[in-house]
Structure formats: C-alpha cells, structure tokens
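Everything in the sequence shown is counted per this note's numbering, starting at 78 for the first residue and increasing by one.
Remarks on the structure that follows.
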Amino acid sequence: MYKLLLCWRYLRTRYIALASIISVMLGVATMIVVNSVMSGFATEMQNRIHGILSDLVLEVRSLSGMPDAEWHMEQIRRVAGDSIEGMTATVAVPAMLNFRYGDQWITRQVQLIGIDEETQSRVSDFAQYLQHPENRKKMSFQLRDGGYDVRDHQGGPETKERPQLAKAGWPHRRLMAEVQAYDRKMLGPTPTPRPIDATEPREDAAPPASRSASTPPTVPAEESDPFASRHKAQGPVFDAGKQQHSGAVLGIVMASYRRPGGEESFLVVPGDDVKITVPTAGTPPRATTQDFTIVDFYECKMAEYDSNFVFVPIRVLQDMRGMFDPSRTDPKTGGPMGMFKSIQIKLKPGIDGNAVRDRLSAAFSRELYEVQTWRDRQGALLAAVWMETAILNVLLFLIIAVSGFGILAIFFMIVVEKTRDIGVLKSLGASGAGVMGIFLSYGLSLGMVGSGVGLLIGLLFVDHINDIAVLLGKVTGKPVFDPSIYYFYRIPTIKDPWTIAWIVSGAIGIAVLASVLPAMRAALLHPVEALRYE
C-alpha cells in the first residue's frame, strides 16, 4: 500500500514530472492522428485501385492481342474454375481524344479501354463510379434522357453542386442540335476542323513516282459530270438530335476542372460528341478516327485513372483497330473472331489470389501471357505508401523516446534528492524490491497518465479533423486540404484499434523502461550509507 501512496504523492507534488507526461501525451496523440490519416488515405487508394482492377488479370504481351477470348476463359476455368466468380475480356490501347470547346479543339492523350458492358461490372466496381444512377445499376453505352447526379454521390452533403449536369444527356444533345441547325441556317455551312491524318495524301504533295508529272490526273466522275451527283445514291442523314454515335465513358478529370473553391466546371458533358484516334492493328499501323458520344463520366477519385481512362464498347474498338482473325468465325456474331488484350478475373471471397496466379502462370506460356494480381500491378505505389507510413511511425516514436530520456533524468534526480527517505524506508523494513517497485510504479503511472490523455486528445482530433482543417484554412487564408489537388472532399481517416493499442502500449513500455535504472540504483542503496551524512 505504501508504494501506491508514494506514487500518488509524487504525481501530485512533483510538477517536474509534468514535462514527461506532456511529452508522452503529445507523442501518443500525434502518432494516433498520423496513423489514422495515413490509413485512411491508403485504404481509399487501395479501394479505388481495386475498384477498376479485378482480382487477377491475364494479359497478352503483344499489343495486337490474341484471338478467341472464350477459349482462354475455358482454359482458365479448367485450371481454377472452383475459385473464379466472373471473367470479362478487354482491349486497351493508347489513343488521342479530341473534342471541341467553343472555337478551340482540345486534344488529350488517353488510354482507350474496350469493355463488355454486360460483364465488366461483374469483375470490378466500375459501375459504382459512374454518374448516372441507372448506369450504376446496369451499365449501358446508350445515352440517358437526363437524371445525372448534380452532386457527387461518393461525397457528403457538403459537396458542391454540378449544375452543368442537370440537363446532361438527351436534353443537352437535342438543345445543341437545335443551336447548330440554327447556326447553319443563319450563317450557312462551315467546314468543321478535324484532326490531320498523316497517312492521307496532301493536295500539294508531289505526284507518285509511278506516274509522270506530265500525265494528267484522273478526274472523278462526280467532278467531270456536274449532274453525276444527282444520280448518286444518298445514304441516311445523321440527325444529332435523335441519334447518337457509339457510346463512350470519359474519366471526369479530362472533361472538367476544379475551381479554387471546389466547384467543378465541365468542358463537355454527356450528350456531346468527341473524336478518338487509335492506331490500327496492321503492320505498319495507320491512324483511324471515329466519332463517339459521351454517355457518362467515370470518377474513382484516383487522378491517374480519372484523367486518363476512356471506356468504349469492345466490339467497336475491335472494329476500329481491325483486331480480327479472319480465319476464325465468332459463333455469337457470325463474323470474324475478335481479338482481346486481357481477361479480367474476379475471385470468390476468401480465395488466395497469389495461389491462383501461380496456377494460371504455370498453365499459360510465360512468353505470350502475363498473370498478375491487382497488387502486383500497383506494387510500387502500394510499397511507397507503406514505406512512407513506416518511416513516419519511426520518426514520431522518437518523440516518445525523448520523453523516456526525460523520465530517466528526472528519476535519477529524485533518487539523489530522496536518498535520506530511501534510507529511512529501508531501515523501517522496506526491501530492495519494494523500493524498486516504488519507482517502477511511478514510471508506469507517468506512462499511463500521459498515454491516456494523449489517446483521448488524438481520438478527438481525428473525429473533428475536417472541422479543424476548415478552421485553420479560415485563419491562414489558404485551404489546408484542397479538394482540387486530392479530389477528396473530406480527409479520410481510419481508427485501427490494433494500431492504437500498440502505440499506447509502446508509450507505457518506454516510460517503465526509463525508470528501471533509477529504480535499481535506489534498490541497491544501503540504509546506513544513505543515513550517514544526514
């Protein structure tokens, strides 16, 4: 009992120990806040990466692809069918995106991905990142008749409105068709600028070598006979107010930009048309361009994806690039067999992806195919986040270590100051272990008080971190957490009980270890020597 009484007395009267308590408190609180924020960011990032990438990917090494996706899926089922929940074939190719904003053509380099709208959502969270509620239920490349989200459905009520999406879809497309028809009526037809195809012959180019420069060029029948155009068969006229091109889903970042206040402005919206240019699959490849109609936006909050990915129907992309095997017939379409670039594989819950990856890698030729998990594909990024978190934890733990050295110094001072009291206790019958227990209990008390207060402050800070960020932004005049940089409206945090437990336990352990040497010195004092000079 005397040990607890002395510890309580020292805690109340030894104000020099307050410095150690504050050091432990700040160290624990800081580590809880940093780990919660870093865990939140890492989890959000992993969820978004996994949302677009399926559990496993069987990828063809050649950009030209490989024919017969169904046969490959059958082989995958034969090897690991008991572990697979769903599969879909995709085609990915670098491309150029062009769209008109006012009088300017805007060109973006993109990653064009051909997907099957029926099966893509079965292997990833692709549909959950679209902006139309019906597309989130069932993906479609058909333009919707309005109803797009005017607020970010992944954000909270504090998210800014997107008024330009209120009339997106067919209402916007019909309006733009009426405006263009009125302009043509009032101003007459104007040539529409288009991207230059380097493979097309130029008018000012020299005549081919196989033809003499003196040989007159062949004149088309339409130009030699001004009435020939009357007899030419007229095809159906495309009505933009009633028809659409093949649908395309754009990453939202390439079609919009954020203002400093967080408001989004859109350069194009669903219902507008874009031009996409891709290289063909032939040798040598040629550039081919096709019109597409924007039917939705993709927003996974990862700028790397939102600013780079464009999704189109896989059959349309195969047609554009000529990715067909004429020697085979597709039983579904009756036409030539289409070629694929990768097969996305979703595993059943609880299945070890690494084990299935190894089984598929052994079944398919490594020279032609590559099998990876979603973590393998983003291993460098995930490893960098883990390394950053580990380094921050080491650096912040040094704060608590500094408080441990403070406890060590304070306890040595107490032993020197209380030498006579220690001698009195020993002369009254206190054992060395009992005296040592006093200082160990004192160190434990300092660690528990400092860790407890730090735990409370850290949890409160994490719970109100977004309110604190807003307040600091008002005080400093600059946003602490700018959504135009992170594309998050709120700072993500995750309070992991195990992480909090080892932080608190580590702080208490350091406080106890720091009191061991002073406690041993006090325990070894001889009562006669301690009282000789008193």
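Note that CB positions come from ideal geometry on N, CA and C, so glycine has one too.
Hey, out of 450, 526, 467 and 517, whose CA is closest to residue 595's CA?
-> 517
When the Cα of residue 97 is compared with those of 599, 598 and 589, which residue comes out closest?
-> 589
How is the beta strand (DSSP E) around residue 360 delimited, first residue to last?
-> Taken as a continuous stretch (DSSP letters only), residue 360 belongs to no beta strand (DSSP E), as it is neither H nor E.
Mind checking residue 519: buried by the 16 CB within 10 Å criterion, or exposed?
-> buried
Classify residue 313 as helix, strand or coil using the three-state DSSP reduction.
-> coil
Same chain, Cβ closer than 8 Å to residue 242, neighbours up to 5 away in sequence not counted | 208, 225, 226, 227, 343, 346 and 347
Using a Cβ-Cβ cut-off of 7 Å (strictly less than) and excluding sequence neighbours within five positions of residue 557, which residues of its own chain qualify?
-> 546, 549 and 550
With respect to the beta strand (DSSP E) encompassing residue 341, which residues constitute its N-terminal and C-terminal limits?
-> 341-343
Express the C-alpha separation of residue 200 and residue 164 in angstroms, rounding to a whole number.
-> 6 Å
Over the uninterrupted alpha helix (DSSP H) stretch that includes residue 589, give me the two end residues.
-> 574-591
What is the residue span of the beta strand (DSSP E) that residue 240 lies within?
-> It is not in any beta strand (DSSP E) - residue 240 carries neither H nor E in the DSSP assignment.
Which runs of the beta strand (DSSP E) spanning at least 3 residues fall entirely within the region 171-245, listed in chain order?
-> 181-192
Where the beta strand (DSSP E) through residue 321 begins and ends = Segment: none, residue 321 is in no beta strand (DSSP E) and carries neither H nor E.
What alpha helix (DSSP H) runs, 4 residues minimum, are completely inside the region 400-444?
-> 430-440
With C-beta atoms as the reference, is residue 109 less than 8 Å away from residue 485?
-> no
So, helix, strand or coil for residue 366, using DSSP?
-> strand
Is the Cβ-Cβ distance between residue 192 and residue 388 less than 8 Å?
-> yes
Residue span of the beta strand (DSSP E) that contains residue 570, given as start and end | Element bounds for residue 570: n/a, residue is neither H nor E.
By how many angstroms is the C-alpha of residue 334 removed from the C-alpha of residue 168?
-> 28 Å
Along the chain, where does the alpha helix (DSSP H) that runs through residue 454 open and close?
-> 451-454
CB residue 156 to CB residue 424, shorter than 8 Å?
-> no
For residue 97, name the three-state secondary structure that DSSP assigns.
-> helix
Alpha carbon of residue 371 to alpha carbon of residue 232, nearest angstrom = 23 Å
Whose C-alpha, out of 523, 476 and 482, is nearest the C-alpha of residue 106?
-> 476
Measuring CB to CB, does residue 174 end up less than 8 Å from residue 351?
-> yes
Thinking C-alpha only, which one of 255, 221 and 401 is nearest residue 145?
-> 401
Since residue 352 sits in a beta bridge, which residues does DSSP pair it with?
-> 175 and 368
So, helix, strand or coil for residue 373, using DSSP?
-> strand
So, helix, strand or coil for residue 513, using DSSP?
-> helix
Can you tell me whether residue 613 is buried or exposed, with buried defined as 16 or more other CB within 10 angstroms of its CB?
-> For the chain, the structure presents residues 78 to 611; residue 613 sits outside this window and is missing.
Inspect the beta-carbon positions of residue 419 and residue 135 and report whether they are closer than 8 Å.
-> yes
Taking the beta strand (DSSP E) that residue 137 falls in, what are its first and last residues?
-> 133-137
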